[in-house]
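J.: Structure below; questions to follow.
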Amino acid sequence: MNRQNVTKWCRAFSEGRTDVHEEHRTVRPFVISGAILQRTEEAMQANRHLTLRELHKIIPEVSMATLHECVTVTSGYHKLCVLCLLHDNARPHTEHKTKALLKRLKWAVLDHPPYSSDLAPSDFHLFLYLKRHIPGQNFHDDDEIINEVEMWFQQQVVNFYDCGIQKLVPRLNKCLDNGGNFVEK
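So the sequence shown is residues -9 to 175, counted in the numbering used here.
If you want it as structure tokens, here you go:
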């Protein structure tokens, strides 16, 4: 409790108050018009990551409390906080202390498959074609390389990236058929 609240409660008790519970107060009910509800819904559908402050900037004529009521109670949106810790089989992640901490926090640890370059679209598709583009070029510093690679990425059509992802499904099936072993040697 902050200092201001402590002072408020001390004053109340010195004036004769004996109960620590808040007194019942009547609160005016929220009145949310259909237009406000629709604007809120449209904004949330357009960007599910909006905070109440950002939503208030979009709909400034409505108070934050009313927007909160509109988003949570009326529309049924809830804040979702999901924490995902990337945890592979590296030595620090398999140490006893790390395992004990994860167990104490009651975090579920999912098995991490070993890295397989033949199941990574960046390796079997993207870098394969990038390597064909780079030979014979001379670069004087890292910035030149970065610029060239970024330019190459931007020149690729959407279908190029889609093709790499589509190649993944048969490779995954082949890996499963081989009992989880590498697809190509």
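Built from N, CA and C at the ideal position, the CB exists for glycine as well.
Model, not experiment: these values are computed from the prediction.
#1: Under 8 Å, do L27 and L45 count as touching if we go by C-beta distance?
#2: Could you spell out the range, first to last residue, of the alpha helix (DSSP H) harbouring K47?
#3: What residue range is occupied by the uninterrupted alpha helix (DSSP H) comprising K121?
#4: Identify the continuous alpha helix (DSSP H) that holds G169 and give its terminal residues.
#5: Between P111 and L158, how many whole angstroms is the CB-CB distance? I'm expecting something under 8 Å.
#6: In whole angstroms, give me the CA-to-CA distance for K164 and L116.
#7: Please tell me whether V61 and M34 are closer than 8 Å, where the distance is taken between their beta carbons.
#8: Taking DSSP as the reference, what is the three-state secondary structure of L158?
#9: Given a threshold of 16 other Cβ atoms within 10 Å of its Cβ, counted over all protein chains shown, does T(-3) qualify as buried or as exposed?
#10: Taking A90 as part of the alpha helix (DSSP H), name the residues at either end of that continuous run.
#11: May I ask you to report which of helix, strand or coil DSSP gives S4?
#12: Could you tell me whether the Cβ atoms of E138 and Q146 are closer together than 8 Å?
#13: If you check the beta carbons only, do H130 and W142 fall under 8 Å apart?
#14: Hey, could you find the ends of the alpha helix (DSSP H) A184 is sitting in?
#15: What three-state label does DSSP hand F129 in the structure shown?
#16: Give me, in chain order, the residues of the same chain whose beta-carbon lies closer than 7 Å to that of L40; leave out the 5 immediate sequence neighbours on both sides.
#17: Given a cut-off of 8 Å on the beta-carbon distance, is the pair S65 and E31 in contact?
#18: DSSP three-state call for Y67: helix, strand or coil?
#19: Would you mind reading off the limits of the alpha helix (DSSP H) that contains T62?
T.: On the basis of the supplied data:
#1: Within the sequence shown, the letter at position 37 stands for residue 27. Within the sequence shown, the letter at position 55 stands for residue 45. No, the Cβ-Cβ distance between L27 and L45 is not below 8 Å.
#2: As a working mapping, residue 47 is identified with position 57 in the sequence shown. Where K47 is concerned, the enclosing alpha helix (DSSP H) stretches over 42 to 48.
#3: Counting from 1 along the sequence shown, the entry for residue 121 is found at position 131. Run containing K121: 117 to 123, per the alpha helix (DSSP H) assignment.
#4: As a first step, residue 169 must be located in the sequence shown, where it is residue number 179. First-last for G169: undefined, no H or E at that position.
#5: Here residue 111 is taken as the residue at index 121 of the sequence shown, counted from 1. Here residue 158 is taken as the residue at index 168 of the sequence shown, counted from 1. That pair is a contact at about 5 Å.
#6: Taking the first residue of the sequence shown as 1, we reach residue 164 at position 174. Taking the first residue of the sequence shown as 1, we reach residue 116 at position 126. So the alpha carbons of these two residues sit roughly 20 Å apart.
#7: In the sequence shown, the residue the question calls residue 61 occupies position 71. In the sequence shown, the residue the question calls residue 34 occupies position 44. Their beta carbons are under 8 Å apart, which means V61 touches M34 by this criterion.
#8: As a first step, residue 158 is located in the sequence shown; it is residue number 168 there, counting from the start. Correct three-state label for L158: helix.
#9: What you label residue -3 is simply residue 7 of the sequence shown in a count that begins at 1. Exposed is the call here.
#10: Numbered from its first residue, the sequence shown carries residue 90 at position 100. Counting along the chain, the alpha helix (DSSP H) containing A90 begins and ends at 86 to 94.
#11: As a first step, residue 4 must be located in the sequence shown, where it is residue number 14. S4 falls in the helix class under three-state DSSP.
#12: Here the question's residue 138 lines up with position 148 in the sequence shown. Here the question's residue 146 lines up with position 156 in the sequence shown. Cβ atoms of E138 and Q146: not closer than 8 Å.
#13: Position 140 of the sequence shown, counted from the start, is the residue given in the question as residue 130. Position 152 of the sequence shown, counted from the start, is the residue given in the question as residue 142. Cβ distance not < 8 Å, so H130 and W142 don't count as in contact.
#14: What the structure shows of the chain is the stretch from -9 to 175, and residue 184 is not part of that stretch, so it cannot be assessed.
#15: On the sequence shown, residue 129 is found 139 positions in, with the first residue counted as 1. Of the three classes helix, strand and coil, the one that applies to F129 here is coil, per DSSP.
#16: In the sequence shown, the residue the question calls residue 40 occupies position 50. For L40, where only same-chain residues beyond five positions count, the Cβ hits under 7 Å are A33, M34.
#17: Along the sequence shown, one-based indexing puts residue 65 at 75. Along the sequence shown, one-based indexing puts residue 31 at 41. In contact: S65 and E31 (Cβ atoms closer than 8 Å).
#18: Counted from its first residue, the sequence shown places residue 67 at position 77. Three-state DSSP puts Y67 in coil, outside helix and strand.
#19: What you label residue 62 is simply residue 72 of the sequence shown in a count that begins at 1. From DSSP, T62 is part of no alpha helix (DSSP H); its letter is neither H nor E.
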